[in-house]
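Notes for the one structure printed next.
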Amino acid sequence: MTTIATLCVWCTRFHRHRRDQNTCEDFPEGIPSAVLLMEHDYRRPYPGDHGLQFAAKPGTEDLVPEDHA
């Protein structure tokens with residue numbers, strides 16, 4: 065398993081219990097690499113996101129980069 069620093073770790077919908085896969089409510093089959101590797105600013109829509117985007121966990125808003133893409 066590879067560990068990646070990503071905006072996803074600060075998101076309320078990220079599946080932290082799935083250590084073998086990078087999944088979330090938005091992408092239950094797997095987070096696209098463009099989102100996971102922060103090549104796309106996931107505060108904006110991405111194809112297949114089911115109408116959901118990044119939502120910071122309470123108390124982490126100051127840790128989230130303002131613009132990363």
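Be aware that the sequence shown starts at 65, since it is given in the working numbering, and climbs by one per residue. Where is the CB? At the ideal position from N, CA and C, for every residue including glycine.
Rounded to the nearest angstrom, the gap between the Cα atoms of Trp-74 and Ala-119 is 8 angstroms. Nearest in C-alpha terms to Glu-125, of all of Arg-107, Leu-116, Arg-80 and Pro-92, is Arg-107. Per DSSP, the beta-bridge partners of Cys-75 are Ala-120. In the DSSP assignment, Leu-100 falls within the alpha helix (DSSP H) that extends over 97–100.
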